[in-house]
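**Student:** Those protein sequences? They're chains A and B, same order as listed. Using our numbering, the first residue of the first sequence is number 1030, and each one after it goes up by one. Using our numbering, the first residue of the second sequence is number 1030, and each one after it goes up by one.
There are 2 protein chains.
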Amino acid sequence: MIGKYTKSLLLENKETFMIPAENVATVLYSHPLEHALLVLSKVGYSKIPVLDSSDRFVGLISLADIVDKMMDLDGFNSDVLEGLSVSDVMEVNVATLKQEDDLEDALHLLVDASFLPIVDEDNIFEGIITRKEVLKSVNHLVHEVEKRYEFVPKENTIEEELNI
Amino acid sequence: MIGKYTKSLLLENKETFMIPAENVATVLYSHPLEHALLVLSKVGYSKIPVLDSSDRFVGLISLADIVDKMMDLDGFNSDVLEGLSVSDVMEVNVATLKQEDDLEDALHLLVDASFLPIVDEDNIFEGIITRKEVLKSVNHLVHEVEKRYEFVPKENTIEEELNI
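1) Which chain B residues sit within Cβ distance under 7 angstroms of proline 1182 of chain A?
2) May I ask you to report which of helix, strand or coil DSSP gives tyrosine 1178 of chain B?
3) Where are the beta strand (DSSP E) runs, 3 residues long or more, that stay fully inside the stretch 1079-1107 of chain B, in chain order?
4) Considering only the alpha carbon of each residue, which of A/Glu1063, A/Pro1061, A/Leu1057, A/Lys1076 lies closest to leucine 1082 of chain A?
5) In the structure shown, what three-state DSSP assignment does glutamate 1173 of chain B receive?
6) Taking the alpha carbon of valine 1121 of chain A as the point to measure from, which residue in A/Leu1110, A/Gln1128, A/Ile1090 has its own alpha carbon closest?
7) Report the residue from A/Glu1150, A/Ile1095, A/Ser1116, A/Gly1112 whose alpha carbon sits nearest the alpha carbon of aspartate 1130 of chain A.
8) Pairing CB atoms from the stretch 1162-1170 of chain B with CB atoms from the stretch 1060-1068 of chain B, are three or more of them under 8 angstroms?
9) With distance defined between alpha-carbon atoms, name the residue in A/Ala1054, A/Leu1113, A/Met1099, A/Ile1153 nearest to glycine 1073 of chain A.
10) Consult DSSP for valine 1055 of chain B and reduce its assignment to one of helix, strand or coil.
11) Given valine 1087 of chain A, which residues of its chain have a CB within under 6 angstroms of its CB, disregarding the five upstream and five downstream residues?
12) Chain A partners of phenylalanine 1105 of chain B, CB-CB under 8 angstroms?
13) Go ahead and label proline 1146 of chain A buried or exposed: buried means 16 or more other beta carbons lie within 10 angstroms of its beta carbon, across all protein chains shown.
14) I'd like the span of the alpha helix (DSSP H) that includes valine 1121 of chain A, first residue to last.
15) Compute the distance between the beta-carbons of phenylalanine 1105 of chain B and serine 1143 of chain A, then report whether it is under 7 angstroms.
16) How many angstroms separate the CA atom of isoleucine 1153 of chain A from the CA atom of leucine 1126 of chain A?
17) Given this structure, state the Cα-to-Cα distance separating threonine 1035 of chain A from alanine 1135 of chain A, to the nearest angstrom.
18) Taking 7 angstroms as the threshold (beta carbon to beta carbon), is methionine 1119 of chain A in contact with chain B?
19) Just to confirm my understanding: we take threonine 1159 of chain A, look at its own chain, exclude 5 residues before and 5 after, and list those with CB closer than 6 angstroms. What are they?
20) Taking the Cβ atom as the reference point for each residue, do valine 1171 of chain A and glutamate 1179 of chain B lie within a distance shorter than 7 angstroms?
21) In whole angstroms, give me the CA-to-CA distance for lysine 1176 of chain A and lysine 1183 of chain B.
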């Protein structure tokens, strides 16, 4: 559990870490794969969310997924993209969060993902939470916390072992 | 400045966040661009360090850099890779750190980069520090700090404004 002072400092400058859907590049699962390649090469992100036509989150697609598909024994062949759509190579079974989920869950999941999709109860895509945004708040936390609070060791502390 | 208790908790399970060079995929700046594309699509990272033949750090190369180079007005054309080497598209003037640099610098720079190259005084590549590794320690910090310490507000605190 994250303590209340720590959590408050992490969230001090915003209610949530979410970048809203309208500011996130996405593709449809039915889009041609070459379209996804174009979008990915232009937006500067290596992986983006994939939606269906009702804005439901269905997966993620990365530059690496597409380029890997184009590699064959003879090297690199872009002809294989013909006829393929995003759904043929996207990553599915991706961990998602709801806006009301705890910051704790987000921090754990972000160890293994550079961003997490946020969805509502109908799986409608609402935005993403990124390591970048979280790190901004971590910087705030680590710089402020000992300016604002005196740290008094509780009993059974292992402070001595830390050689502070 | 990061306080001593906070810093100690962040570094509790390791001396440094560095992943050593031998565990990091790299390419030479003189390598053919298609080789870099192959490496990038296989290692699962979207961007890797570029070295010279003396192991000095010279830049970064990303899948997006290469794919962007292959896009022309007619769409996607892999023929343009012929004859190009990594040095033709790599990103240069990249921020680096030294092992003795402060954790504070790393935390700030990692807001804008998913990893940072670590070099020695001769610019020899020694490893990388990643957002992922830092986030593991942040999880440890935020879960432990209020178990170990009582937070006592200092004077002039803005605690009341935080509504704790």
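Note that the Cβ used here is the ideal one computed from N, Cα and C, for glycine as well.
**Tutor:** Walking through what the data contain:
1) Arg1177, Tyr1178
2) strand
3) 1086-1091
4) Reading off the sequence shown, one finds serine at residue 1082 of chain A, where the question assumed leucine. Per the Cα distances, A/Leu1057.
5) helix
6) A/Ile1090
7) A/Glu1150
8) The stretch 1162-1170 of chain B vs the stretch 1060-1068 of chain B: no contact.
9) Of A/Ala1054, A/Leu1113, A/Met1099, A/Ile1153, the smallest CA-CA separation from glycine 1073 of chain A is found for A/Ala1054.
10) The residue asked about is misnamed: residue 1055 of chain B is threonine in this sequence, not valine. The answer is coil: DSSP assigns threonine 1055 of chain B none of H, G, I, E or B.
11) The answer, listed in chain order, is Tyr1058, Val1079, Asp1081.
12) Residues of chain A with a Cβ closer than 8 angstroms to the Cβ of phenylalanine 1105 of chain B are, in chain order, Glu1063, Leu1066, Leu1067, Ser1107, Leu1110.
13) Buried, since its Cβ has 16 or more Cβ neighbours within 10 Å.
14) It is not in any alpha helix (DSSP H) - valine 1121 of chain A carries neither H nor E in the DSSP assignment.
15) No.
16) 11 angstroms
17) 15 angstroms
18) no
19) Cβ-Cβ distances below 6 angstroms link threonine 1159 of chain A to Phe1144 in the same chain, with the five nearest sequence neighbours on each side left out; the list follows chain order.
20) no
21) 8 angstroms
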